Structure formats: structure tokens, C-alpha cells
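*Asks:* Residue numbers (the numbering used here): 155 to 244. All C-beta atoms in this analysis are idealised placements derived from N, C-alpha and C, irrespective of residue type, glycine included. Small disclaimer: the values here were computed from a predicted structure and weren't measured.
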């Protein structure tokens, strides 16, 4: 059995303007058992969305299929994905 690293999850907060409205985002990076990077994301204290790399879109986007996903606009998803991608690259 492989030992797991004891990495403490860090939640980052940031604000975006989407369609002229401020959006408060909380994002926590974590790794799946296959070492894929994923984010738990809350928008304006919403339920959590899971963001991960979408190879078909070639960007970070919402990957869960729960009913809450329908509440997020495409522009908001793209803006959050871009911000998370820049944080990963830094």
C-alpha cells in the first residue's frame, strides 16, 4: 500500500466579474486517487461544484453532473476555469 502525503488542503478565495456582476468564489484543490487535480468550488456560498480538466473542451470546467450544474452559466464556468488554470500554472 502506498503511503499518502499529508498535504493540508488550502482553500483560496477570489472575486470575479461575470456579466457585470461580482462573483465570490471559494476553491479547494485536491488530488484523486489517480493523482488528477480537481477543485471543490463554491460560488456565492452555493453547493459545491467539482472542476477538473475536460479534454474535449481543453480547459478546466465543471465535471460533475448533478442538478446544481444547471444553475451555472457557461460564461461563469469558463471564467472560473480560467482563473483556476492560472492558479495551477503559477
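Counting along the chain, where does the beta strand (DSSP E) carrying residue 209 start and finish?
*Replies:* Numbered from 1 along the chain shown, position 55 holds the residue referred to as residue 209. Per DSSP, residue 209 belongs to no beta strand (DSSP E) and is neither H nor E.
*Asks:* Which one or two residues does DSSP pair with residue 230 in a beta bridge?
*Replies:* Residue numbering aside, residue 230 sits at position 76 when the chain shown is read from its first letter. Answer by DSSP bridge pairing: none, since residue 230 is not bridged.
*Asks:* Quick check: what's the CA-CA separation for residue 218 versus residue 228?
*Replies:* Position 64 of the chain shown, counted from the first residue, corresponds to residue 218. Position 74 of the chain shown, counted from the first residue, corresponds to residue 228. Cα to Cα, the separation comes out at about 14 Å.
*Asks:* Out of 174, 199, 181 and 200, which has the shortest C-alpha to C-alpha gap to residue 192?
*Replies:* If you number the chain shown from 1, residue 192 lands on position 38. Nearest of 174, 199, 181 and 200 to residue 192, Cα basis: 181.
*Asks:* Going by other Cβ atoms of all chains shown within 10 Å of its Cβ, with 16 needed for buried, is residue 205 buried or exposed?
*Replies:* For the purposes of this step, residue 205 is taken as the residue at position 51 of the chain shown. Burial call: buried.
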